[in-house]
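Enquirer: Protein chains in written order, with my numbering: chain G, 1 to 232; chain P, 1001 to 1232; chain V, 2001 to 2232; chain Y, 3001 to 3232.
Every residue gets a Cβ at the ideal spot worked out from N, C-alpha and C, and that includes glycine.
As the structure is a computational prediction, the values presented were derived from the model and not from experiment.
Encoded as structure tokens, here's the structure I'll be asking about.
There are 4 protein chains.
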Amino acid sequence: MSKYASVKEEAFEANMQLPALGLVVFTFGNVSVADHQNGVFAIKPSGVPYEELSADKMVILDFEGKIVEGDLRPSSDTNTHAVLYKNWENIGGIVHTHSTYATAWAQANRNIPIYGTTHADHSTSDIPCAPPMSDEMIKGDYEYQTGFQIINCLQESSISYQEIEMVLVGNHAPFTWGATAKKAVYNAKVLEEIARMAYLTEQINPSALRLKDALINKHFERKHGPNSYYGQ
Amino acid sequence: MSKYASVKEEAFEANMQLPALGLVVFTFGNVSVADHQNGVFAIKPSGVPYEELSADKMVILDFEGKIVEGDLRPSSDTNTHAVLYKNWENIGGIVHTHSTYATAWAQANRNIPIYGTTHADHSTSDIPCAPPMSDEMIKGDYEYQTGFQIINCLQESSISYQEIEMVLVGNHAPFTWGATAKKAVYNAKVLEEIARMAYLTEQINPSALRLKDALINKHFERKHGPNSYYGQ
Amino acid sequence: MSKYASVKEEAFEANMQLPALGLVVFTFGNVSVADHQNGVFAIKPSGVPYEELSADKMVILDFEGKIVEGDLRPSSDTNTHAVLYKNWENIGGIVHTHSTYATAWAQANRNIPIYGTTHADHSTSDIPCAPPMSDEMIKGDYEYQTGFQIINCLQESSISYQEIEMVLVGNHAPFTWGATAKKAVYNAKVLEEIARMAYLTEQINPSALRLKDALINKHFERKHGPNSYYGQ
Amino acid sequence: MSKYASVKEEAFEANMQLPALGLVVFTFGNVSVADHQNGVFAIKPSGVPYEELSADKMVILDFEGKIVEGDLRPSSDTNTHAVLYKNWENIGGIVHTHSTYATAWAQANRNIPIYGTTHADHSTSDIPCAPPMSDEMIKGDYEYQTGFQIINCLQESSISYQEIEMVLVGNHAPFTWGATAKKAVYNAKVLEEIARMAYLTEQINPSALRLKDALINKHFERKHGPNSYYGQ
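So, in structure tokens, the structure goes:
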């Protein structure tokens, strides 16, 4: 039995949540799970339909993006995952989807403004949209550079990857992450719902204002602060 | 067996209606049920996924928001429910959701105009949107103040809580109530549908007019007036 | 066994199609079926949830709206159905819903422009929206007058009820009809889809043009003309 | 047993995917499968509901549109399929739907701009919208001319039918194709999703820019180029 059996099983289950939550059509998404102790992560094989997926089809790679175990070719976005795991040592899972509303904001090249408490329950800032990369970077190692595009975007917004667990890549689609793959999948669904609500908010009131700071802080603190009182 | 067994069961069943009606994702909502004879209400525990919910996990509190029975922490919105029960003696259930369209109107900080008979079947006025509270109130007992924000909003609009059973809290999300929890859940779904139709109405005709008074009165009377002829 | 057993069964089955096709929430709709031989029609009882419906609960009325058989109160819209059956002798079924997109157009008080062949497959004209009736008519026999509002709307547009089988009642919602209840239900779903597509068409191109006459005629003729070649 | 049994079975299965993928209501769509060796194709019979469909009901025609086998009348769009098979020798399947968002773009008479990588994964150009044909052509052999309308549209855009496998017919609806019927159905779903995302993108940012060339090429190449690394 593979020493990576449990991380493969976790990756399989998290990947299967994407169609269950309505976040993907066909094969437009992937989830990975990190095993920091062994310095590897498990990721969905490329282009395999969800209904044909199983735990043993997951591919194991190190944080340089080198295959360690697995017969199938890994997701074409694998190097983006590798870069994020290598640079953000505390994340346990990463999700990439082309979910409809989040992708529409990415295609619009706009940050998602924080318009309400649903957003504030999960982040104190707008959801940043990383600008499209330069032509030279695209022609180089594109997926690798996408990882740095995400890292740079957060740095320029002065937000740590622990404060916000979701980002849009301009003209492309969203990435989310978290302490576990389960949390990263949760974030992918939350982001889609936030993106949908923000779109509708602007349609209903084109001059809608961002949430004021006192409410942003209150809602984030009650869920994530030292005196949080949400959850068990 | 707990003397609150039946109110817990009722709260459990009403809470389970929220995902069934498509009004919540994850744990974004809660229903409570009042037992006015015993001066208590049952409410969903905080952050527990709907699929893990059961009647015995419901928390019993008095109308001051003090826990009377239950091992779990109650919904973070509990004090809002407590204030409403204490001040509105005739309501038997309260629902809070972040349903998509109603929340978008709340984020837009707009009342929902009464555009048609679907709305008039349930209310003779626009659905009011309570303004965001002052920073001082937010920093104080936030959920408690949310209750008063709702009560004040109705008073300023000169509407009684028996005439309208739904409200938006600006930048936040909707609350609905009713003589029973079942009716409050019904109102939450109706509000979501009214919110969606009003949004589409304005997109189709940006200068759409509110329903005229004769139609408002006719539709409300035929469902709720002394000579009503809707239902059995 | 009631002599109306078969018309009741047909009405029951047609009513159950409304939630199955996503055209109603709760009790927001009703279907009736005419039995012209006996001069009666069967209609859904008022306010009874679809999951509690059965064929024997259908109410039988004559074309004056007088109850002939049944213990329950008929749909509050019954008189609208009665007027249409009395005046349009060739229709076998009528459907009333508050389906989302069709109702939004009704609330916007706009005819639905004929933008494409999906629409032309079912009608050669825009879907007319009857204007809201005068205050005096509303205060009188409202549902009875709604029937005449529909009849007058078609007459003023010079369209016969056989050429078009769907209409919007301004500020209210759609009515559809057909040779059978099954056809009327089909029309209710088609109208909802046409309404949705027309809304999106205008969002995508605010200066979209109506379909040109040659295409309107071609599509209607191939489905309904003397040399039709659609269907078996 | 018919020598066309396997192509009929394939056509049946591909047709049943349309309602499963949410691309059709009632009978608003059809799939055909070519058997180039025998110079025929199998297509859905006209107006038969999907729940009554079976493999033996499929109609076999040659590429002139003449029936070779089958008791039922073929889809009214059959001649469009015939023209495409006759002129494009490498396609194995064709799909026609009235899917909501793609049809709305067709009714708006607009090409779908390439706004993101979801689009670029499938095409390097905007999805072209063929202009409505002249009145004379409509009055002639309409479905036959629709086929030429599609062929001419691609020629005028200097795109081969192998580079792009989807098109809109102005005021009408989409057609897609592929090496197999399964691929053509896949393309129909992808087109609907691209159409929906592009609509939302313009609502969120009315001055959204088309994807830049470097990204278009990168995404298309990684999925379809000589050094592609998507899929197995």
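With DSSP collapsed to three states, give me the class of VAL1121(P).
Expert: This sequence places Asp at residue 1121(P); Val is not what is there. Coil at ASP1121(P), not helix or strand.
Enquirer: With DSSP as the reference, identify every bridge partner of ASN2079(V), one or two as the case may be.
Expert: In DSSP, ASN2079(V) forms no bridge with anything.
Enquirer: Looking at C-alpha atoms only, which residue of SER2046(V), HIS2119(V) and LYS2223(V) is the closest neighbour of ASN2015(V)?
Expert: SER2046(V)
Enquirer: Chain V partners of SER3076(Y), CB-CB under 7 Å?
Expert: ARG2222, TYR2229 and TYR2230
Enquirer: Starting from GLY3029(Y) and walking both ways along the beta strand (DSSP E), at which residues does that stretch end?
Expert: 3029 to 3035
Enquirer: Taking any Cβ of chain Y, which residues in the segment 2176 to 2189 of chain V have a Cβ under 9 Å from it, in chain order?
Expert: Of all residues in the segment 2176 to 2189 of chain V, TYR2186 and LYS2189 have a Cβ within less than 9 Å of some Cβ in chain Y.
Enquirer: State the beta-bridge partners of ALA2055(V) as determined by DSSP.
Expert: BP columns for ALA2055(V) are empty, so no partner.
Enquirer: Going along chain G, which residues have a C-beta under 8 Å from ALA3214(Y)?
Expert: ASP135, ILE138 and LYS139
Enquirer: Across which residues does DSSP place CYS3129(Y) in a beta bridge pair?
Expert: LEU3168(Y)
Enquirer: List the residues of chain Y whose Cβ lies closer than 8 Å to the Cβ of ALA2208(V), in chain order.
Expert: GLN3107, ALA3108 and ASN3109
Enquirer: Work out the CA separation of LYS1189(P) and LEU2154(V) for me, nearest whole Å.
Expert: Approximately 34 Å between the Cα atoms of the pair.
Enquirer: Return the chain-ordered list of same chain residues with a C-beta closer than 7 Å to the C-beta of GLU202(G), the five sequence neighbours on each side being excluded.
Expert: ALA208
Enquirer: For HIS1122(P), which option in ASN1152(P), GLU1064(P), GLU1193(P) and TYR1142(P) has the closest C-alpha, if you only look at C-alpha atoms?
Expert: For the residues ASN1152(P), GLU1064(P), GLU1193(P) and TYR1142(P), the minimum Cα distance to HIS1122(P) belongs to GLU1193(P).
Enquirer: On the DSSP bridge assignment, give the partners of ASP2062(V) in chain order.
Expert: VAL2040(V)
Enquirer: When the Cα atoms are used, what is the spatial distance from PRO3074(Y) to LYS3044(Y)?
Expert: 6 Å
Enquirer: Provide the residue span of the beta strand (DSSP E) that contains HIS2096(V), from first to last.
Expert: Here the beta strand (DSSP E) through HIS2096(V) covers 2093 to 2097.
Enquirer: Just grab the DSSP bridge partners of PRO1045(P) for me.
Expert: According to DSSP, which records beta bridges pairwise, PRO1045(P) is partnered with PRO1074(P).
Enquirer: Anything in chain Y within Cβ reach of LEU72(G), meaning under 7 Å, just list it in chain order.
Expert: Ordered by position in chain Y, the residues that pass the 7 Å Cβ test against LEU72(G) are GLN3232.
Enquirer: Give me, in chain order, the residues of the same chain whose beta-carbon lies closer than 6 Å to that of ARG210(G); leave out the 5 immediate sequence neighbours on both sides.
Expert: PRO113 and ILE114, listed in sequence order.
Enquirer: Compute the distance between the beta-carbons of ASN3079(Y) and GLY3065(Y), then report whether it is under 9 Å.
Expert: yes
Enquirer: Any beta-carbon of chain G closer than 9 Å to the one on GLY1116(P)?
Expert: no
Enquirer: What did DSSP end up calling PRO3019(Y) once you bin it into helix, strand or coil?
Expert: Looking at PRO3019(Y) - three-state DSSP - the assignment turns out to be helix.
Enquirer: Mapping DSSP to helix, strand and coil, what is TRP1105(P)?
Expert: TRP1105(P) falls in the helix class under three-state DSSP.
Enquirer: Going by DSSP, which residues form a beta bridge with GLU3069(Y)?
Expert: ILE3060(Y)
Enquirer: Any C-beta of chain P sitting closer than 9 Å to the C-beta of VAL2048(V)?
Expert: Yes, contact with chain P.
Enquirer: Is the number of C-beta pairs between the segment 172 to 183 of chain G and the segment 1129 to 1145 of chain P that are closer than 8 Å three or more?
Expert: no
Enquirer: Quick check on PRO1128(P): buried or exposed, where buried means 16 or more other Cβ atoms within 10 Å of its Cβ?
Expert: buried
Enquirer: Listed from N- to C-terminal order along the chain, which residues in the segment 3146 to 3167 of chain Y have their beta-carbon within a distance smaller than 8 Å of any beta-carbon of chain V?
Expert: none
Enquirer: Give the list of continuous alpha helix (DSSP H) stretches no shorter than 4 residues that lie fully inside the segment 2145 to 2230 of chain V.
Expert: Inside the segment 2145 to 2230 of chain V, DSSP marks whole alpha helix (DSSP H) runs of 4 or more residues at positions 2181 to 2204 and 2213 to 2224, from first to last along the chain.
Enquirer: In whole angstroms, what separates the C-alpha of GLU1013(P) from that of VAL1059(P)?
Expert: Their backbone Cα atoms lie some 14 Å apart in a straight line.
Enquirer: By Cβ distance below 7 Å, which residues in the same chain neighbour GLY3170(Y) in space, the five residues on each side in sequence not counted?
Expert: ALA3106, ASN3109, CYS3129, ALA3130, PRO3131 and PRO3132
Enquirer: Consult DSSP for ILE1138(P) and reduce its assignment to one of helix, strand or coil.
Expert: helix
Enquirer: Please go through the same chain and pick out, in chain order, the residues whose beta-carbon is closer than 6 Å to the beta-carbon of PRO1226(P), but skip the five residues on each side of it.
Expert: Cβ within range, chain order: n/a, list empty.
Enquirer: If the cut-off is 9 Å on Cβ atoms, which residues from the segment 1025 to 1036 of chain P count as contacting chain G, listed in chain order?
Expert: VAL1025, PHE1026, THR1027 and PHE1028
Enquirer: Would you report the Cα separation of TYR4(G) and ASP71(G), rounded to the nearest angstrom?
Expert: Taking the straight line joining both Cα atoms gives about 14 Å.
Enquirer: With distance defined between alpha-carbon atoms, name the residue in LYS139(G), ALA198(G), PHE148(G) and GLU52(G) nearest to HIS3219(Y).
Expert: It is LYS139(G) whose Cα lies nearest to the Cα of HIS3219(Y).
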